[in-house]
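Residue numbers (numbering that gives the first Met the number 0), protein chains in the order written: chain G, 0 to 305; chain S, 0 to 305.
Idealized CB from N, CA, C, for every residue including glycine.
There are 2 protein chains.
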Amino acid sequence: MTDTLIEKIIQTKNPVCVGLDTAFEYLPDAMRKNCTTLSDAAQAITEFNLRLIERLKDVIPSVKVQAAYYEMYGVPGMQAFSDTLQAARKAGLIVIADAKRNDIGATASCYSAAFLGETDVNGLKLNAFSSDFLTVNAYLGADGIEPFLKHCRQNNKGIFVLVKTSNPSSGQLQNRKFENGETLFETVADLVEEWGADTVGKYGYSRVGAVVGATHPNEASILRKRLKHTLFLIPGYGAQGGSADGLSVCFDGRGLGGIVNNSRGILCAYKSDAYKGLNYIDAAYAAVEDMQKDITSALHRAGKSL
Amino acid sequence: MTDTLIEKIIQTKNPVCVGLDTAFEYLPDAMRKNCTTLSDAAQAITEFNLRLIERLKDVIPSVKVQAAYYEMYGVPGMQAFSDTLQAARKAGLIVIADAKRNDIGATASCYSAAFLGETDVNGLKLNAFSSDFLTVNAYLGADGIEPFLKHCRQNNKGIFVLVKTSNPSSGQLQNRKFENGETLFETVADLVEEWGADTVGKYGYSRVGAVVGATHPNEASILRKRLKHTLFLIPGYGAQGGSADGLSVCFDGRGLGGIVNNSRGILCAYKSDAYKGLNYIDAAYAAVEDMQKDITSALHRAGKSL
């Protein structure tokens, strides 16, 4: 699936992932009015997402769907989550479920079945929340990750492991140094490279990627040198403060090796002065184009043209 | 909510939490036959849980509902999750949603709204998945935890932060020592104590608890000495190998300070030789009684009678 994602990045010449972190308050007034239940809100969110997917499907490789923004609308929210994942896959996009799942082995197997595998009901193999990639948290160590690796191998799926996150306090634990002089994030990074070693594809990247925040270019630079076969999912561009020049260190000489997420900057583009007068769909389209230019220009400046 | 949980433990003289990690294959054949869809499976699981809750509600303080075992049945599974949480709360049990959620601040706020707070839809405050406690993962540091703390304070809710997990590879990261000689799990533990400092209740425990595996009594002993105001949620008893004598170190002199989870050992008691001939409900009831005796005896031996 990592190969397929990279192929779509090359084909669209666009390493941009649209983050469907679709909070109800992001929706235009007309779509929100008259909503009084979680179900109303979830349906409005689904409609917002599906129109956006339809408009953007040929110019982006991928969407990242953030589970928290659906879970907060309860069971109807999870229906919206499922419908969004399905619509994006049907539109030919690579779908990253951003759920940061983690648990002990037996339980991690259930999460993996839910997102990357199948659920067995009396011998029937059924799909719960079908996605191409899932984000995971490695605090529990290898046996909490192995069930996901199994589906990565068997079903040609992928995971992105949290390594260096984009938030301000990410360093509180992640940047602390162990006795051997290496930080927690470097230690997790080495595990990521190891876990992916047997699934390196034709572009040199494995099915086990890393989440590396655009807001921390120094750490990103260290990680890119250290992780030769690891694709980076890069959050933190735009609203969180990450710049295109800063995150260009995540890419290799071919302009590959990373996919840059933007959520609010695209979903809420229609609210910003830059896209005044455009409806949310056209504003999002224009924001994707601008972000693509911004990143590909930065890559070009760094001698890494896609 | 920590006070309420401790009161219920004292009232039932039972520090046992029943883990509703209800996989479809745990159900008796009669409840499983004719199920061919995720929805069928989810309904059967709900029925299994609700009968169990009805039978156990007066002898246990709490249930822990593991999200992964519901997510694997898709949207109908999340309905079963929601119905189980609601039924347990209605039965007067303290409900721990075991979902190990984690994300950057803005997104953690959504998770917190989903489980511990309310979701705003056009000014209406609605409940998504209502629980009393939520398990969380601290890899992202303080700003990923703060949104949960806010609801702990405002809504009298609680969280359990993963500190030392029960799985075999938990030491891979958690037991590594930082330059100051302290392990990752000790470092997270100190943050937990700090995060809870302003919510210590009448029994001396705060609203910010810690997950501490019964399978690691040495680490549990270190943690109990270190964390004077932290309630422990203790998984790993029974099927995973944790013993009552081992985990007694988690409790204070009053026999308080911990709640011990058991999932498979109770849900699947009817399949074991010890409870042969009993239906699943009576077997679970007997298994809870036996577990209570096992733990209270161990506490007694350690001079910590409840």
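- Residue environment analysis places Q10(G) among the exposed positions, since fewer than 16 neighbouring C-beta atoms fall within 10 angstroms of its C-beta.
- Per the Cβ contact rule, the segment 35-53 of chain G is not in contact with the segment 81-93 of chain S (fewer than 3 Cβ pairs under 8 Å).
- Assignment of alpha helix (DSSP H) within the segment 89-159 of chain S, counting only whole runs of 4 or more residues, yields 104-114 and 145-153 in chain order.
- Only exposed fits R152(G), as fewer than 16 other CB atoms lie within 10 angstroms of its CB.
- K12(G) is positioned such that its CB atom lies closer than 8 Å to that of T295(G).
- Taking all protein chains in view, the Cβ of T83(G) is crowded by 16 or more other Cβ atoms within 10 Å, so the residue is classified as buried.
- Only those residues of the segment 230-257 of chain S whose C-beta falls short of 7 Å from the nearest C-beta of chain G would be listed, and there are none.
- With contact defined as three or more Cβ pairs closer than 8 Å, the segment 12-28 of chain S and the segment 280-291 of chain G are not in contact.
- An exposed status is given to S271(S), since fewer than 16 other beta-carbon atoms sit within 10 Å of its beta-carbon.
- Here T186(G) has F177 as same chain residues with Cβ atoms under 7 Å from its own Cβ, once five neighbours each way along the sequence are excluded.
- Between F128(S) and A105(S), the C-beta spacing is not below 8 Å.
- Under the DSSP assignment, L298(G) falls in the alpha helix (DSSP H) whose first and last residues are Y279 to R300.
- Residue pairing for L19(S): DSSP places it in a beta bridge opposite V64(S).
- Taking 8 Å as the cut-off, the beta carbon of T21(S) is found closer than this to the beta carbon of Y68(S).
- Within chain S, the residues T35 have their CB atoms less than 7 Å from the CB of L123(G), given in chain order.
- Using a Cβ-Cβ cut-off of 8 Å, P146(G) does not count as an interface residue toward chain S, since no Cβ of chain S sits closer than that to its own.
- Per the Cβ contact rule, the segment 224-242 of chain S is in contact with the segment 254-262 of chain S (3 or more Cβ pairs under 8 Å).
- According to DSSP, residue pairing for F250(S) in a beta bridge does not occur.
- N121(S) is a Cβ neighbour of C34(G), given a cutoff of 8 Å.
- For L222(G) and V210(G), the gap between their C-alpha atoms comes out near 11 Å.
- Contact annotation for V120(S) against chain G: F23, R31, C34, T35, T36, L37, D39, A40 and Y72 [CB-CB distance below 9 Å, chain order].
- Counting only Cβ-Cβ distances below 8 Å, G276(S) has no contacts in chain G at all, with the closest Cβ about 25 Å away.
- DSSP, reduced to helix, strand and coil, places T11(G) within a helical segment of the structure shown.
- Taking a C-beta cut-off of 7 Å against chain S, the contacting residues of the segment 42-71 of chain G are Q65, A67, Y68, E70 and M71, listed in chain order.
- Considering only beta carbons, the part of the segment 92-117 of chain G lying closer than 7 Å to chain S consists of K99, N101, D102, I103, G104, T106, C109, Y110, A112 and A113, in chain order.
- Exclusion of the five residues before and after A188(G) leaves V162, A209, L222, R225 and L226 as the residues of its chain whose Cβ lies within less than 7 Å of its Cβ.
- Contact between R50(G) and I280(G) holds, since their C-beta atoms are separated by about 6 Å, short of 8 Å.
- With fewer than 16 other CB atoms across the displayed protein chains lying within 10 angstroms of its CB, A196(S) is exposed.
- For S168(G) and N174(G), the gap between their C-alpha atoms comes out near 10 Å.
- In the DSSP assignment, the residues bridged to V210(G) are L161(G) and L232(G).
- Spanning the alpha carbons of L92(S) and C16(S) requires a straight line of approximately 10 Å.
- About 6 Å separates the beta carbon of G212(G) from that of P234(G), a gap short enough to meet the 8 Å contact definition.
- For the segment 149-163 of chain G, the residues whose beta carbon sits under 7 Å from a beta carbon of chain S are, in order, L161.
- Contact with chain S is absent for N261(G), since none of that chain's Cβ atoms lies less than 8 Å from the residue's Cβ.
- Assigned with DSSP and collapsed to three states, N166(S) falls in coil, not helix or strand.
- Within 10 angstroms of the beta-carbon of A273(G) lie fewer than 16 other beta-carbons, which makes it exposed.
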